[in-house]
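Protein chains in written order, with UniProt numbering: chain A, 1 to 197; chain B, 1 to 197.
Backbone N, C-alpha and C fix where the C-beta goes; we use that ideal spot for every residue, glycine too.
Owing to the predicted nature of the structure, the values given are computational and were not obtained by experimental measurement.
Below: the structure, in structure tokens.
Number of protein chains: 2
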Amino acid sequence: MPVPKGATLDPAQTRATILDTATRLLYERGLDGIGVAELCAAVGASKETLYRHFGSKDGLVLAVLEARSDRVVRWLRDAADAAGEDPAAQLAAVFDALGRWYAQPGFRGCAIVNAAVQRHAGAPRDVAARHLARHLELLTGIARRSGAADPDRLGRQFLALLEGATVLADHQADPDAAALAKHAALTLLRQETVGPA
Amino acid sequence: MPVPKGATLDPAQTRATILDTATRLLYERGLDGIGVAELCAAVGASKETLYRHFGSKDGLVLAVLEARSDRVVRWLRDAADAAGEDPAAQLAAVFDALGRWYAQPGFRGCAIVNAAVQRHAGAPRDVAARHLARHLELLTGIARRSGAADPDRLGRQFLALLEGATVLADHQADPDAAALAKHAALTLLRQETVGPA
DNA sequence: CGGACTTCGTACCGTCCGGTACGATCCGGG
DNA sequence: CCCGGATCGTACCGGACGGTACGAAGTCCG
């Protein structure tokens, strides 16, 4: 029964559906925790369709990770922008957003960093490096606008707190990880601006 | 040719050899990146020997992770102890030790956290939770001896910096991650002790 | 209406995996 | 001296995996 009775037959839509389901399942089960066959069954698509759209499982993984990186980066940037102009408020907003993420059921850490751990050589590692660099851009910008003496260092300290909080929230089941990191980040921010002034 | 010509035939030694080689290879390649057959070939042992000692691949992985957790925890504690009595010096010593670890060729992040990512359900996850709790014990102790107002919170902030620095050193190839985290940790320590005093 | 395109379902391929079985061989202790 | 245990090498098993092939059936567009 090819092409179910009243299907829309829109390749872009098909691709998006595969991408969405794969994003969820690859995150929940890990890159090696689910096979192409089961993925196709969950999507409701055939293997041929998946392979026509993505070429290979690695191609699908790559597409999933890049789309997810874009979404996450935009989400954090929006959270910062929504907090107004004050750098401290923006920083707090970023960590508050993280806290809401950690509290979501099914949270398993950062999908992109996790993927890089599972494929330590290859494309996912590069995606993760770019992903962290984009986070760093946001955080360093906040540090710079706050007038910190060394915004580059401060931004990387913020990033360390962000990633560390994510690890704690995942492996320690610590729901307060984001609040802790926020407090630490704000303390560092104050110290780097008011302190040496 | 069973039992090579002049073998020692010491079960404990055989077990230790398997454990050592497996520790290295499972870290380098990932838990799913190497099979039991190749592992046995690298050790110079037969599958039967491996299965007699560890029961299953999961059993081997568990033994590897627990031994590694013991070693790492002891290593960090020794680094702190060697720094004398001053909490700030102990904290600095911990992050300096981390920095030397990050600089080692073949560094790929924390093997135990990585394993928990690859086996998100099951024993490795429990080992990782205990591992982080043991680190927390050390760091909270330093925070408490420093006279911090909230040593529990400060210790968890230290842990977030530790884990975050490890992520940065791995995925960002940032050789200064440990120094950044040390600076941040010392700033937090000063702020939590001198500040509200 | 008709051809190009998309999708489905299924079968299939070669490969690798974790785990078991078994005979042969050599060490160690009584 | 000899028996029990440790080990090797190899063969084997069932299953899962990534990927391909192909015919049938439906949609979309000119």
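Q: Measure the alpha-carbon distance for V94 (chain A) versus D70 (chain B) and round it to whole angstroms.
A: Taking the straight line from one Cα to the other gives about 35 Å.
Q) Under the rule that 16 or more other beta-carbon atoms within 10 Å means buried, what is A197 (chain A), buried or exposed? A) Unreliable positioning characterises A197 (chain A) in this predicted model, as indicated by a pLDDT of 46, which lies under 50. The coordinate reading is nonetheless provided below. When all chains shown are included, A197 (chain A) counts as exposed.
Q. Using a Cβ-Cβ cut-off of 7 Å (strictly less than) and excluding sequence neighbours within five positions of G155 (chain B), which residues of its own chain qualify?
A. Counting only Cβ-Cβ distances below 7 Å, and skipping sequence neighbours, we find L136, L139, T140 and A143.
Q.
Judging by CA-CA distance, which residue of B:W75, B:L25 and B:A89 is the nearest neighbour of R108 (chain B)?
A. Ranked by Cα distance from R108 (chain B), the options B:W75, B:L25 and B:A89 are led by B:L25.
Q) Name the chain A residues whose beta carbon is nearer than 7 Å to that of A116 (chain B)? A) The contacting residues are H171.
Q) Anyone know if the C-beta pair for A111 (chain B) and Q157 (chain B) falls short of 9 Å? A) Result no, Cβ atoms of A111 (chain B) and Q157 (chain B) do not sit closer than 9 Å.
Q. Should Q104 (chain B) be flagged as near chain A, meaning a C-beta pair shorter than 9 Å?
A. No, Q104 (chain B) lies away from the interface with chain A (no Cβ there is under 9 Å from its Cβ).
Q. From the beta carbon of H120 (chain A), is the nearest beta carbon of chain B less than 9 Å away?
A. Yes, contact with chain B.
Q.
Could you tell me the alpha carbon to alpha carbon distance between L124 (chain B) and A7 (chain A), rounded to whole angstroms?
A. Going by the sequence as given, residue 124 (chain B) is Pro instead of Leu. A direct Cα-Cα distance of roughly 44 Å separates P124 (chain B) from A7 (chain A).
Q: Would you mind stating whether L31 (chain A) and L91 (chain A) have Cβ atoms separated by less than 9 Å?
A: Not a contact, by the Cβ cut-off of 9 Å.
Q.
Can you look up H183 (chain A) in the DSSP assignment and give me helix, strand or coil?
A. Helix at H183 (chain A).
**Q.** Exposure label - R74 (chain A); buried when at least 16 CB within 10 Å
**A.** Burial is judged here by how many other beta carbons sit within 10 angstroms of a residue's own beta carbon; R74 (chain A) has fewer than 16 and is exposed.
Q: Closer than 8 Å, Cβ to Cβ, to anything on chain B: give me those residues from the region 140-164 of chain A, in chain order.
A: Listed in chain order, the positions of the region 140-164 of chain A with a beta carbon within less than 8 Å of a beta carbon of chain B are R153, R156, Q157, L159, A160, L161, L162, E163 and G164.
**Q.** Nearest residue (CA-CA) to A173 (chain A), options A:T23, A:Q104, A:V117 and A:R15
**A.** When only C-alpha atoms are compared, the closest one is A:Q104.
Q: Indicate whether at least one CB of chain A lies closer than 9 Å to the CB of D176 (chain B).
A: Yes, D176 (chain B) lies at the interface with chain A (some Cβ there is under 9 Å from its Cβ).
Q: Under 7 Å Cβ to Cβ from I18 (chain B), same chain only, skipping five residues before and after it: list those, please.
A: Only V43, A45, L50 and H53 meet the Cβ criterion.
**Q.** Residue environment, A128 (chain B), which counts as buried when at least 16 other CB atoms sit within 10 Å
**A.** Classification for A128 (chain B): buried.
Q. In or out: E28 (chain B) buried (at least 16 other Cβ within 10 Å) or exposed?
A. E28 (chain B) should be labelled exposed.
Q: Check D176 (chain B) in the structure and name its three-state DSSP category.
A: DSSP places D176 (chain B) in coil when its eight states are reduced to three.
Q: Answer yes or no: does any C-beta atom of chain B fall closer than 9 Å to that of T193 (chain A)?
A: No, its Cβ sits nowhere closer than 9 Å to a Cβ of chain B.
Q) If you measure from the beta carbon of L65 (chain B) to each beta carbon in chain A, is any gap under 9 Å? A) Chain A contact via Cβ: absent.
Q) So is R38 (chain B) buried or exposed if we call it buried at 16+ other beta carbons inside 10 Å? A) Looking at the sequence itself, residue 38 (chain B) is Glu, so the reference to Arg does not match. By the neighbour-count rule (16 or more Cβ atoms within 10 Å), E38 (chain B) is not buried but exposed.
Q) In three-state DSSP terms, what is A4 (chain B)? A) Just to set this straight, residue 4 (chain B) is Pro in the shown sequence, not Ala. Looking at P4 (chain B) - three-state DSSP - the assignment turns out to be coil, as it is neither helix nor strand.
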